[in-house]
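Residue 117 is where the sequence shown starts when you use the numbering used here, and the numbers rise one by one after that.
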Amino acid sequence: MDINALFECLASASCVVTQASTSLIVGALLFLVAAGLTLIFGVLKVINFAHGSFYMLGAYVALTAYRTTESYLIATLAAGLGVALFAVVFERFFMRKVYGTDVLMQLLVCYAFILILDDAVKIIWGAEFQSLGMPDAFQRPPLMIGGGIIPVFYLYLMLAAALIAALLWFVLTKTRLGKVVRAAAHNPTMTSVLGINTSLVYAAVFALGGLLAGLAGGLAAPVRSMSPGMGFSILIESFIVTVIGGMGSV
């Protein structure tokens with residue numbers, strides 16, 4: 117959008133409403149991915165450069181689950197849980213080997229994993245663009261506010277992201293797991309001395325980060341096309357969000 121088009125849009129209430137709703141869903145998706153990314157960094161002091169691939173995998177898992185069950189709710193939950201399990205495997209067999217090593221080594225491991233997962237997606241789902249399509253439950257007339265158009269699914273996505281954010285806050289601040297995670301982020305050595313299994317904590321943190329990325333992929337599936345490598349762009353955007361918000365601060 118050039119500067120003239122921007123001013124024309126600002127002069128139109130309908131354009132402002134439409135663009136604002138679109139911006140909100142993009143922000144909601146970025147929050148979910150960035151929250152997982154910064155959570156992993158805050159506890160493990162590792163930048164998971166493969167986090168965008170978790171988002172991509174979540175979208176494809178949601179696609180398969182929806183085609184199988186025809187339930188978008190089940191598809192989204194399957195995306196989150198499936199990627200969470202996958203993240204645990206990734207942490208156990210890939211990232212655990214490079215904790216405490218040079219950042220370059222961590223980057224190489226993540227980059228190798230990105231290439232492997234992209235090729236796996238091509239083999240399983242194909243290299244062409246795919247789309248889940250709008251679920252039947254959301255194929256309803258859009259809301260009209262100030263002349264602007266807000267699809268029903270946009271409202272669902274924003275509410276879902278807000279609910280997930282509230283649950284994440286509750287887990288991190290009100291549960292024993294959350295207290296252990298925050299303690300490990302603040303002083304991992306003391307946490308280990310107190311008898312807490314830090315390896316289990318690290319796996320749980322990766323699972324939670326994977327869950328958030330998988331849910332983001334599942335929520336994005338109806339409104340974004342899928343293709344191998346789609347995780348790269350959202351990784352860059354999410355990384356910018358985490359830097360602005362503070363690395364390690366959810």
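Ideal Cβ positions, reconstructed from N, Cα and C, are used throughout, including at glycine. These numbers come from a predicted model, not from an experiment.
Check                                                                                                                        : Outcome
Every unbroken alpha helix (DSSP H) inside the stretch 280-317 [4 residues or more]                                          : 292-302, 304-309
Residues near PHE229 in its chain [Cβ-Cβ closer than 8 Å; skip 5 each side]                                                  : ALA166, SER169, PHE206, PHE210
Local Cβ density within 10 Å of GLY242, reported as buried at 16 or more and exposed below that                              : exposed
CB-CB length for TYR171 against ALA281, believed under 8 Å                                                                   : About 17 Å; that fails the 8 Å criterion.
Within 8 Å, strictly: CB atoms of GLY334 and THR192                                                                          : yes
With 16 other Cβ atoms within 10 Å as the buried cut-off, status of ILE232                                                   : exposed
Which of helix, strand or coil DSSP assigns to GLY326                                                                        : helix
Inter-residue CB distance, ALA336 and LEU140 (contact presumed, cutoff 8 Å)                                                  : Wrong, their Cβ atoms sit about 13 Å apart, outside the cutoff.
Status (buried if at least 16 other CB within 10 Å, exposed otherwise) for GLY196                                            : buried
Boundaries (first-last residue) of the beta strand (DSSP E) holding GLY264                                                   : 264-266
Entirely enclosed alpha helix (DSSP H) segments - the stretch 179-205, minimum 4 residues                                    : none
Beta-carbon gap between LEU273 and ILE266 smaller than 8 Å                                                                   : no
Chain-order list of residues whose beta-carbon lies under 8 Å from that of SER341 (same chain, five-residue window excluded) : PHE245, GLN246, SER247
Chain B contact for PHE210 (CB, 8 Å cutoff)                                                                                  : Among the chains in the structure shown there is no chain B, since it carries only a single protein chain.
Boundaries of the alpha helix (DSSP H) in which LEU224 is found, first to last residue                                       : 219-241
Spatially closest choice to LEU179 from VAL287, LEU331, GLY152, VAL132, by CA coordinates                                    : LEU331
Beta-carbon proximity check, ILE312 vs VAL297, cutoff 8 Å                                                                    : no
CB of GLY143 within 8 Å of CB of ASP234, strictly                                                                            : no
Alpha-carbon to alpha-carbon, THR217 and LEU271                                                                              : 43 Å
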